[in-house]
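Written below as structure tokens is the structure these notes are about.
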């Protein structure tokens, strides 16, 4: 995932490729919104009705990548920082702890999580592969469900990032960015 070059998904690809390419497109957009910010801007709560910050959103997306691809459909254990994070008692930890992180740290965390997610998805034989663990107190989800869910979640949060970054004071790096 190169934050400098976004590629539009192929128009005639198979389902798995289409889901992967659209998810990567929105992953790219999340990173591009974050990586144009200073550390202070990434920590800024720019809208009065929410405690969300750009850095917190992208760190949350990193957590969701690992949660759904690694721990759920991949059947593995969460890597750090999630493995030792107090997620049971502080479910908003990813959002809140980003206040102590730099843009570079959050970007690296998200890139690594996305790489792990792609690796898990690529080694599963089909989109119908089911997770070894149940979700939502019900049955297991499929890789297809995870990919669609992460596409939905990432796209939604890119919209939040647009609102939060648009509410920041003007920064010359934003002028003419066209993203």
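In the working numbering, the protein residues as written are 10 to 188. No residue lacks a Cβ here, since even glycine has one placed at the ideal position from N, Cα and C.
Measure how close the beta-carbons of residue 110 and residue 68 come, nearest whole angstrom, since I'm counting them as under 8 Å.
Walking along the chain shown from the start, residue 110 turns up at place 101. Walking along the chain shown from the start, residue 68 turns up at place 59. Rounded, the Cβ-Cβ distance is 7 Å, consistent with contact.
Helix, strand or coil for residue 124? Go by DSSP, reduced to three states.
Position 115 of the chain shown holds residue 124. Here residue 124 sits in helix by DSSP.
Taking 8 Å as the threshold, find out whether the region 101 to 118 comes into contact with the region 133 to 140 through three or more Cβ pairs.
Judged by Cβ distances under 8 Å, the region 101 to 118 makes no contact with the region 133 to 140, as fewer than three pairs qualify.
DSSP three-state label for residue 51, please.
Your numbering for residue 51 matches position 42 in the chain shown. In this structure, residue 51 counts as helix in the three-state DSSP scheme.
Which class does residue 63 belong to by DSSP, given the choice of helix, strand or coil?
In the chain shown, the residue the question calls residue 63 occupies position 54. Here residue 63 sits in helix by DSSP.
Starting from residue 142 and walking both ways along the beta strand (DSSP E), at which residues does that stretch end?
By one-based count along the chain shown, residue 142 stands at place 133. That run of the beta strand (DSSP E) goes 139 to 143.
According to DSSP, is residue 163 helix, strand or coil?
Position 154 of the chain shown holds residue 163. In the structure shown, residue 163 sits in a helix (DSSP, three-state: H, G or I).
Looking at the structure shown, is residue 172 part of a helix, part of a strand, or coil, going by DSSP?
The residue labelled residue 172 in the question sits at position 163 within the chain shown. Helix.
When you compare the CB positions of residue 196 and residue 174, do they come within less than 9 Å of one another, or not?
In the structure as shown, the chain starts at 10 and stops at 188, and residue 196 therefore has no counterpart that could be examined.
Given this structure, state the Cα-to-Cα distance separating residue 170 from residue 140, to the nearest angstrom.
Within the chain shown, residue 170 is the residue found at index 161, counting from 1. Within the chain shown, residue 140 is the residue found at index 131, counting from 1. So the two alpha carbons sit approximately 30 Å from each other.
If I measure Cβ to Cβ from residue 116 and keep anything under 8 Å in the same chain, skipping five residues before and after, which residues do I get?
Here residue 116 refers to the residue found at position 107 when the chain shown is read from its first residue. Here the set comprises 12, 40, 43, 44 and 67.
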